[in-house]
Amino acid sequence: MTDPSTPSTGSGTGDLTVVVAIDGPAGSGKSSVSKQTARRLGFGYLDTGAAYRALAWHALQHGIDTSDAAAVLDVSGDFDYAISLDPDQYWVRVGQTDVTDAIRDPRVSDAVSGVARVPAVRESVNALFRALVAQSGRPGVVVEGRDITTVVAPDAPVRILLTAAPEVRAARRSAELTTHDAAAVAAALHQRDASDSAVVDFLTAAPGVEVVDSTHLDFDQTVDAVLGVIRAALSAPTADTAQTGA
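For the sequence shown, our numbering assigns the number 4 to the initial residue and increments by one for each residue that follows.
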């Protein structure tokens, strides 16, 4: 995996792309909410979790055990990754292979946490995310995934932690996965939370991160709440304009 240049994605001023960073636990709805938010704003949409899933898929294709950090790092060297930032034309590719659906396979889901635990992989992937945003050619990009608000885009003008009560997240995920037992879905979410928390504290909002709790909101209400945070943040005066009275 190449290590692209990493220009700032934070201020949203001048010729820089505005970044809306949305973090949150599994089952919080951050993917669907982020995608719809991007549509409403005319922004691009970047699903950062897809990169880790695609690398897990790539490793499995090479017969790699993703719990072997050294092997994962080695196979990442020829990881030719591409992703669409169009919320209406979403695709993920590794080389010439479209893996949009393949990366959602249960075997990939089971393997992805091993990939995400490798610090050097996270550094390279995070650099890739920053480059994708900077080169998007769009007025803004909604970037969603784990540690987006604290590591990938800590200087983004809008940072949101989207969350919901564990039982609500489990119920929503169970409704999506109609062939899965509700108790099994809840157990899987709990396991995912525990696994991810070993890498990053994604349940606590860092300073400057706005929390949107969707426990008692439906999908449209959640999107509206997120849009409200974004519009308020982007219309607020910056420290520079406040000091100059501009």
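The C-beta atom is built at its ideal place from N, Cα and C for all residues, glycine as well.
Residue environment, residue i, which counts as buried when at least 16 other CB atoms sit within 10 Å
| i | result |
| --- | --- |
| residue 181 | A caution first: residue 181 carries a pLDDT of 49, below 50, which makes its placement in the model unreliable, though a value can still be read off. Label assigned to residue 181: exposed. |
| residue 226 | buried |
| residue 170 | exposed |
| residue 70 | exposed |
| residue 64 | exposed |
| residue 201 | In this prediction, residue 201 scores a pLDDT of 49, lower than 50, which makes its location untrustworthy; the coordinate-derived value is nonetheless stated afterwards. Exposed, because fewer than 16 other Cβ atoms sit within 10 Å of the Cβ of residue 201. |
| residue 150 | buried |
| residue 126 | exposed |
| residue 50 | buried |
| residue 235 | exposed |
Pairwise C-alpha distance: residue j and residue i
| i | j | result |
| --- | --- | --- |
| residue 233 | residue 66 | 43 angstroms |
| residue 132 | residue 60 | 19 angstroms |
| residue 75 | residue 119 | 10 angstroms |
| residue 215 | residue 239 | 18 angstroms |
| residue 145 | residue 134 | 14 angstroms |
| residue 25 | residue 123 | 23 angstroms |
| residue 52 | residue 159 | 18 angstroms |
| residue 222 | residue 90 | 17 angstroms |
| residue 307 | residue 88 | This structure does not reach residue 307, given that the chain is present from 4 up to 249, and the question cannot be answered. |
| residue 28 | residue 167 | 9 angstroms |
| residue 33 | residue 77 | 31 angstroms |
| residue 141 | residue 95 | 19 angstroms |
| residue 220 | residue 73 | 43 angstroms |
| residue 47 | residue 97 | 20 angstroms |
| residue 40 | residue 230 | 7 angstroms |
| residue 139 | residue 147 | 15 angstroms |
Closest residue to residue i among the options (Cα-Cα distance)
| i | options | result |
| --- | --- | --- |
| residue 81 | 73, 58, 88 and 34 | 58 |
| residue 213 | 172, 126, 230 and 164 | 164 |
| residue 128 | 155, 229 and 24 | 155 |
| residue 99 | 112, 85 and 236 | 85 |
| residue 56 | 101, 229, 92 and 40 | 101 |
| residue 93 | 126, 114, 237 and 38 | 38 |
| residue 210 | 161, 230 and 112 | 161 |
| residue 174 | 23, 30, 22 and 20 | 30 |
| residue 62 | 117, 137, 35 and 228 | 117 |
| residue 153 | 208, 237 and 143 | 208 |
| residue 110 | 235, 68, 224 and 172 | 68 |
| residue 172 | 147, 130, 139 and 218 | 218 |
Cβ-heavy atom distance, residue i to the ligand HEM, below 7 angstroms
| i | result |
| --- | --- |
| residue 147 | No copy of the ligand HEM appears in this structure; indeed no ligand is present at all. |
Simplified DSSP state of residue i, which is helix, strand or coil
| i | result |
| --- | --- |
| residue 109 | helix |
| residue 140 | coil |
| residue 216 | strand |
| residue 236 | helix |
| residue 114 | helix |
| residue 23 | strand |
| residue 103 | coil |
| residue 254 | It is not possible to answer for residue 254, since the shown part of the chain is limited to 4 through 249. |
| residue 128 | helix |
| residue 121 | coil |
| residue 227 | helix |
Please specify which runs of the alpha helix (DSSP H), each continuous and at least 4 residues long, are wholly inside the stretch 26 to 101, giving them in chain order. 33 to 44, 52 to 64 and 72 to 78
Please go through the stretch 141 to 177 and give each complete beta strand (DSSP E) segment of 3 or more residues, from N-terminal end onward. 143 to 147 and 161 to 166
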